[in-house]
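Engineer: Remember, this note's numbering sits 10 above the position in the sequence shown when you count from 1. Note that CB positions come from ideal geometry on N, CA and C, so glycine has one too. Treat the numbers as computed from the prediction; the structure is a model and nothing was measured.
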Amino acid sequence: MSEKFAFKLITLLVLLAIASLCFADANQKVIFSNSGNKAQLLNNNAEGFELQFRNQEYFLEEVETPSGKFTRINMDGFGFSQRIGEPQLPVYSKLIAVPVGAKVEFSFGRNTEITLQKSETNITNRIYPTQPSVSKSQDPALISFELKTDIYSKNEFYSGELFSVAEIGFLRGVRIFRIDYEPMRYNPVSGELKINTELNVQVKFINADFSATQDLLARTASYEFDSLYGKILLNWQKDERLNVNRYPTKMVILCPPNYVSTMQTFVNWKTQQGYKVIVTTVGTGGTVANNTTAIKNYMQTLWNSATASDPAPTYLLIVGDTSTSGDNIIANTGDTSSSHITDLTYVRLNGTDYLPELYFGRFSVASATELTNVINKTITFEKTTMPDLSYLGKTVLIAGADATYGPTHGNGAINYGTTQYFNSAHNITSNTYLYPASGSSNAQIIANASEGRGYINYTAH
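#1: For threonine 324, does the count of other Cβ atoms within 10 angstroms reach 16, so buried, or fall short, so exposed?
#2: In whole angstroms, what separates the C-alpha of phenylalanine 391 from that of phenylalanine 276?
#3: Write down the C-beta distance between leucine 359 and tryptophan 313 rounded to the nearest angstrom, noting that I regard them as a contact closer than 8 Å.
#4: Based on Cα-Cα distance, which residue from Arg82, Asn65, Gln66 and Glu67 lies nearest to valine 73?
#5: Give me, in chain order, the residues of the same chain whose beta-carbon lies closer than 8 Å to that of tryptophan 384; leave out the 5 immediate sequence neighbours on both sides.
#6: Looking at alanine 107 and phenylalanine 220, is the spacing between their C-beta atoms short of 8 Å?
#7: How far does the alpha helix (DSSP H) with glycine 427 in it reach, from first residue to last?
#8: Does the count of Cβ pairs from the stretch 265-272 and the stretch 60-77 closer than 8 Å reach three?
#9: Under a Cβ-count criterion, where at least 16 other Cβ atoms within 10 Å of its own Cβ denotes burial, should proline 97 be classed as buried or exposed?
#10: Exposed or buried, what is isoleucine 339 when buried is set at 16 or more other beta-carbons lying within 10 Å of its beta-carbon?
#11: Thinking just about the alpha-carbon of each residue, which of Thr140, Asn206, Ile133 and Asp320 is nearest to the one in isoleucine 94?
#12: From Leu402, Ser460 and Asn467, pick the residue whose C-alpha is nearest to that of isoleucine 438; which is it?
#13: What residue does the alpha helix (DSSP H) around glutamine 277 start on, and which one ends it?
#14: Are the stretch 450-464 and the stretch 396-414 in contact at 8 Å, needing three or more beta carbon pairs?
#15: List the endpoints of the continuous alpha helix (DSSP H) containing serine 9.
#16: Does DSSP put glycine 89 in a helix, a strand or coil?
#17: May I ask you to list the residues that DSSP assigns as paired with threonine 442?
#18: Taking Cβ positions, are leucine 231 and glycine 111 nearer each other than 8 Å?
#19: Taking C-alpha atoms, which residue in Arg136, Tyr431 and Thr388 lies nearest to valine 199?
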């Protein structure tokens with residue numbers, strides 16, 4: 011499962027690169043300083059670290075909206091502020107690991123700011139306001155455009171905090187905070203920009219409980235999560251988990267009793283790979299009742315009883331569809347205000363946050379025959395024993411039915427992909443469906459997928 015997670019992460023990064031590069035030519039670069047562009051981590055240790063920021067340029071992109079033209083400001087390596095209806099400004103956000111019990115404090119060293127008059131910013135429109143996220147099931151044409159006129163009418167500089175920290179929760183055995191650095195302030199009436207060009211930040215962990223931190227790391231040691239921490243945590247130090255490879259990775263399988271014999275082939279394969287597999291039966295005739303409370307309590311007990319010599323499981327696999335009847339295992343519904351079906355609740359085991367402590371998944375099957383098919387496909391893929399591997403060099407790329415953004419964003423992203431990556435120069439064959447033809451290509455797309463494709467991408471709302 012960790013391999014699949016990594017593949018999804020890499021795929022996401024590729025798509026983000028495609029999306030950003032696709033419109034790079036439309037961006038106007040503005041150089042406002044000679045300080046260089048960088049965000050550097052220095053003096054990283056158990057008691058804190060330093061950050062050094064240097065900014066010298068931004069990019070401008072004109073955006074058409076129902077309320078007229080706006081300008082979006084981009085900075086390399088930065089995301090955006092998320093205050094709906096308010097000016098969208100660049101934000102550098104990263105996750106950091108913080109010791110158990112510690113209070114996070116920070117102070118500034120070098121701190122340099124410049125002011126650009128409107129004529130110097132090259133910004134002719136108002137800065138684009140942040141909009142709510144739109145799901146793919148929503149029609150963008152029906153979503154109201156958010157613009158806080160009270161903020162845009164004030165002759166004063168608008169921004170968030172220059173630097174801030176916020177606690178997110180625990181991801182398995184690591185306490186996680188987010189840092190935000192917002193270097194721009196904007197006056198929507200005068201059009202001026204104040205930009206922080208240089209900032210040195212000293213971050214300190216005060217009153218940390220290092221003993222509790224190391225104990226939690228030992229009880230939750232997992233090679234697969236350690237690899238993830240190294241990718242997502244700015245200050246992660248790998249040598250903190252010296253015992254990470256001492257014990258086999260554990261996988262818990264929750265399975266209806268009638269599927270246990272069918273699952274044995276999969277269990278044998280995972281055991282051969284080196285996993286310690288725990289098969290627990292759920293439902294009538296099983297050891298755990300098929301209700302959300304019993305399942306959560308079982309998983310919580312496994313988590314709470316973990317020790318340094320017997321760390322907590324890394325994976326949870328649930329077998330069966332989401333139901334209380336038949337050979338199925340019930341799922342949860344997120345929280346009291348949502349009917350969303352999820353298994354996340356079963357792996358939220360450390361604190362009240364929504365970060366999972368285990369990788370989790372489900373074989374959603376309604377019969378032993380379906381389960382056998384899923385197992386055979388999974389093992390064949392993991393062993394790479396397919397008789398014909400040529401499908402791995404074939405893709406399906408689809409710009410979906412989106413009248414607003416399909417001709418530009420959808421087709422643009424797909425065309426960039428086929429030009430730069432998915433082509434014969436890279437030994438890849440692509441079945442490409444651009445808007446509007448994609449809207450009447452259902453049969454062909456399904457046929458392509460049924461034949462076997464190594465990569466399928468759909469982009470649209």
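Structural biologist: To lay it out plainly:
#1: Taking the sequence shown and counting its residues from 1, one reaches residue 324 at position 314. It counts as buried.
#2: Numbered from its first residue, the sequence shown carries residue 391 at position 381. Numbered from its first residue, the sequence shown carries residue 276 at position 266. Each residue's Cα considered, the two are about 13 Å apart.
#3: To locate residue 359, count along the sequence shown from 1; it is residue 349. To locate residue 313, count along the sequence shown from 1; it is residue 303. That belief holds up - the Cβ atoms of leucine 359 and tryptophan 313 are roughly 4 Å apart, short of 8 Å.
#4: Counting from one through the sequence shown, the residue named residue 73 turns up at place 63. Of Arg82, Asn65, Gln66 and Glu67, the residue nearest in Cα terms is Arg82.
#5: Within the sequence shown, numbered from 1, the residue matching residue 384 stands at position 374. Before going further, note that residue 384 is valine rather than tryptophan in the sequence given. Same-chain partners within the cutoff: Phe373 and Val375.
#6: Along the sequence shown, one-based indexing puts residue 220 at 210. Along the sequence shown, one-based indexing puts residue 107 at 97. For the pair phenylalanine 220 and alanine 107, the CB atoms are not nearer than the 8 Å cut-off.
#7: Here residue 427 is taken as the residue at index 417 of the sequence shown, counted from 1. 421-430 is the extent of the alpha helix (DSSP H) around glycine 427.
#8: no
#9: By 1-based counting over the sequence shown, the position of residue 97 is 87. With 16 or more other Cβ atoms within 10 Å, it is buried.
#10: Your numbering for residue 339 matches position 329 in the sequence shown. Answer is buried; the Cβ neighbour count reaches 16.
#11: Working through the sequence shown from its first residue, we reach residue 94 at position 84. Closest by alpha carbon: Thr140.
#12: Walking along the sequence shown from the start, residue 438 turns up at place 428. It is Leu402.
#13: Reading the sequence shown from its first residue, position 267 is the one you call residue 277. Going by the sequence as given, residue 277 is valine instead of glutamine. Going by DSSP, valine 277 is part of the alpha helix (DSSP H) stretching over 270-282.
#14: Taking a contact to require three or more Cβ pairs closer than 8 Å, the stretch 450-464 and the stretch 396-414 qualify as touching.
#15: Shown here, the chain extends from 11 to 471; a query on residue 9 therefore has no answer.
#16: Working through the sequence shown from its first residue, we reach residue 89 at position 79. Note: glycine 89 maps to strand in three-state DSSP.
#17: Position 432 of the sequence shown holds residue 442. Answer is Leu407, bridged to threonine 442.
#18: As a position in the sequence shown, residue 231 is number 221, starting the count at 1. As a position in the sequence shown, residue 111 is number 101, starting the count at 1. According to the sequence shown, residue 231 is alanine rather than leucine. Taking 8 Å as the Cβ cut-off, alanine 231 and glycine 111 do not qualify as a contacting pair.
#19: The residue given as residue 199 occupies position 189 in the sequence shown. Considering only alpha carbons, the answer is Arg136.
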